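**Student:**
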Amino acid sequence: MKDQREKILIRTSWISVIGNAILSMSKITVGLISGSFAVLTDGIDSATDVVISLITLFTARIVSRPPSAKYVFGYEKADDIATKVLSFIIFFAGIQMLISTCKNIFVSTPRELPSVIAIYVTVFSIVGKLLLAYYQFRQGKKSESSMLTANAKNMRNDVLISSGVLLGLFFTFYLNMPILDSITGLVISLYIIKSSVDIFIESNVSLMDGVKDPSVYKKIFEAVEKIEGASNPHRVRSRQIRNMYMISLDIEVDGTLSLTEAHDIAHAVEKSIRDSVEKIYDIIVHVEPKGLKHSNEKFGLNKDMIRT
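Residue numbers are given in numbering that gives the first Met the number 0: position 45 of the sequence shown equals residue 44, and the series is strictly consecutive.
What follows is the structure in structure tokens.
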């Protein structure tokens, strides 16, 4: 399974590198030749996608490593770290474009209408990005990679960006106002910055050992209730490794039971949780004698803390 996932990540990353490199060189070249600032900034954005794809390619090699003495849970969270790095790259690319477009708008220099070839390369870019985004998204879901999914969202945004460029070029030619090309570039840069912030925030959950869907706790408590002999589930903790849940919890059983009987109840609780919650990475069930007084517990949830 891991070998297959690694192959998907590597193959998808290489396709992304090659596809974005072709689109980037096309748009930057045409942007310089045609004099379209919007097409040029769109080309620079595609150049950052090449860097992003190279990062995903490097990360694919890391996440497939087996657990080690230093990283006993494996290297899966390298995927989330890479997602965070991608958000910074996209953010700084957007800031750079914002500065450049502002200078181009507010510095009074003679402006000429861009060449019609800018329209053709923008249409080519939209089609190319649509195909790349669709492929990245499918492979991201298949491999359960937040990194590929984030890259797919970035490419989806690129489709909107290129569509904005095309619209800006249309009005530039139709209204004979070259400044609209620069204004389109300004809007593009702001949209890139917003996208980077969204990706940054989304990646926080996994890195801070949270869960994207808190309703998983309700499922855990309901799963424990199904097991006879298990009571008072507490200190329930869950975090995500990739898209899989790492769950820990304490339960109480009759203190007069034998170790084997208590173990069987804990095993039944684990199986019940696995049947109720999809994509389990691991489950740890700690057994305590019923009625044991607990000191203040800093971590985890009790049933009365869950909204019904």
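Built from N, CA and C at the ideal position, the CB exists for glycine as well.
Bear in mind the structure is a predicted one, so any value in this text is a computation, not a measurement.
For the candidate residues K217, L53, V122 and I54, whose alpha-carbon lies nearest to that of D303?
**Tutor:** Against the sequence shown, residue 303 aligns to sequence position 304. Of K217, L53, V122 and I54, the residue nearest in Cα terms is K217.
**Student:** Which parts of the stretch 200-280 are runs of the beta strand (DSSP E), unbroken and 3 residues or longer, counting only runs that do not cross its ends?
**Tutor:** List check, beta strand (DSSP E) in window: 230-240 and 243-252.
**Student:** Tell me, to the nearest whole angstrom, how far the beta carbon of V286 is from that of I219; I am working on the premise that it is less than 8 Å.
**Tutor:** Position 287 of the sequence shown, counted from the start, is the residue given in the question as residue 286. Position 220 of the sequence shown, counted from the start, is the residue given in the question as residue 219. Contact flag wrong, Cβ pair sits at about 16 Å.
**Student:** So D44 and I182 are supposed to be a Cβ contact under 8 Å. How far apart are they, rounded?
**Tutor:** Looking up residue 44 in the sequence shown gives position 45. Looking up residue 182 in the sequence shown gives position 183. With 8 Å as the limit, D44 and I182 do not qualify as a contact, their Cβ atoms being about 17 Å apart.
**Student:** Along the chain, where does the alpha helix (DSSP H) containing L130 start, and where does it finish?
**Tutor:** On the sequence shown, position 131 is the one that residue 130 refers to. Note, L130: alpha helix (DSSP H), I116 to S142.
**Student:** With DSSP as the reference, label L8 as helix, strand or coil.
**Tutor:** Here residue 8 refers to the residue found at position 9 when the sequence shown is read from its first residue. Reduced to three states, the DSSP call for L8 is helix.
**Student:** Taking the alpha-carbon positions, what's the D138 to L248 distance?
**Tutor:** In the sequence shown, counting from the first residue as 1, residue 138 sits at position 139. In the sequence shown, counting from the first residue as 1, residue 248 sits at position 249. Reading off the sequence shown, one finds Gln at residue 138, where the question assumed Asp. Cα-Cα distance, rounded: 33 Å.
**Student:** Tell me the rounded alpha-carbon separation between V268 and A222.
**Tutor:** The residue you call residue 268 lines up with position 269 of the sequence shown. The residue you call residue 222 lines up with position 223 of the sequence shown. Roughly 7 Å between the two C-alpha positions.
**Student:** Could you tell me the distance, in whole angstroms, from the CA atom of K69 to the CA atom of G209?
**Tutor:** Locating residue 69 in the sequence shown gives position 70, counting from the first residue. Locating residue 209 in the sequence shown gives position 210, counting from the first residue. For K69 and G209, the distance between alpha carbons rounds to 22 Å.
**Student:** What would DSSP say about I305, mapped onto helix, strand or coil?
**Tutor:** The count along the sequence shown starts at 1 and reaches residue 305 at position 306. If DSSP states are grouped into helix, strand and coil, I305 belongs with coil.
**Student:** Alpha carbon to alpha carbon, what distance is there between L206 and A229?
**Tutor:** On the sequence shown, position 230 is the one that residue 229 refers to. On the sequence shown, position 207 is the one that residue 206 refers to. Their Cα atoms are separated by approximately 32 Å.
**Student:** Please name the residue, chosen from M245, L131, H266 and I88, that lies closest to K76 on a Cα-to-Cα basis.
**Tutor:** As a working mapping, residue 76 is identified with position 77 in the sequence shown. Selected option, being the one with the closest Cα: M245.
**Student:** Please state whether the Cβ-Cβ distance between R234 and G299 is less than 7 Å.
**Tutor:** Here residue 234 corresponds to residue number 235 of the sequence shown, with the count starting at 1. Here residue 299 corresponds to residue number 300 of the sequence shown, with the count starting at 1. Yes.
**Student:** For V16 and S25, I'd like the C-alpha separation in whole angstroms.
**Tutor:** By one-based count along the sequence shown, residue 16 stands at place 17. By one-based count along the sequence shown, residue 25 stands at place 26. Going from the Cα of V16 to the Cα of S25 covers about 14 Å.
**Student:** Going by the CB atoms, is the gap between I104 and L168 shorter than 7 Å?
**Tutor:** Locating residue 168 in the sequence shown gives position 169, counting from the first residue. Locating residue 104 in the sequence shown gives position 105, counting from the first residue. No.
**Student:** Report all residues from its chain with a CB closer than 6 Å to the CB of E143; omit the five preceding and five following residues, and keep chain order.
**Tutor:** On the sequence shown, position 144 is the one that residue 143 refers to. Only R241 and N242 meet the Cβ criterion.
**Student:** Can you tell me whether DSSP reads V284 as helix, strand or coil?
**Tutor:** Indexing the sequence shown from 1 puts residue 284 at position 285. V284: strand per DSSP, three-state reduction.
**Student:** Relative to the alpha-carbon of R236, which residue among V196, I305 and E227 has its alpha-carbon at the smallest distance?
**Tutor:** Within the sequence shown, residue 236 is the residue found at index 237, counting from 1. Of the listed residues, the one whose Cα sits closest to R236 is I305.
**Student:** Mapping DSSP to helix, strand and coil, what is L300?
**Tutor:** Residue numbering aside, residue 300 sits at position 301 when the sequence shown is read from its first letter. Looking at L300 - three-state DSSP - the assignment turns out to be strand.
**Student:** In its own chain, which residues sit with a C-beta less than 6 Å from the C-beta of V62, not counting the 5 before and 5 after it?
**Tutor:** One-based indexing of the sequence shown puts residue 62 at position 63. Closer than 6 Å at Cβ, skipping near neighbours: Y74, E75, A77 and D78.
**Student:** In chain order, what residues of the same chain lie with their CB nearer than 7 Å to the CB of R10, ignoring the 5 residues before and after it?
**Tutor:** Locating residue 10 in the sequence shown gives position 11, where the first residue counts as 1. For R10, where only same-chain residues beyond five positions count, there are no Cβ hits under 7 Å.
**Student:** Using CA atoms only, rank isn't needed, just tell me which of G30, P65, P288 and A46 is closest to M154.
**Tutor:** Walking along the sequence shown from the start, residue 154 turns up at place 155. Nearest C-alpha to M154: A46.
**Student:** Do you know offhand how far V196's Cα is from F90's?
**Tutor:** As a first step, residue 196 is located in the sequence shown; it is residue number 197 there, counting from the start. As a first step, residue 90 is located in the sequence shown; it is residue number 91 there, counting from the start. C-alpha separation (whole angstroms): 7 Å.
**Student:** Counting only the same chain and skipping the five closest in sequence on each side, list residues whose C-beta sits under 6 Å from that of R64.
**Tutor:** Here residue 64 refers to the residue found at position 65 of the sequence shown. Excluding residues within five positions, the ones whose Cβ falls inside 6 Å are Y74.
**Student:** Mapping the DSSP letters down to three states, classify K152 as helix, strand or coil.
**Tutor:** Taking the first residue of the sequence shown as position 1, residue 152 is located at position 153. In this structure, K152 counts as helix in the three-state DSSP scheme.
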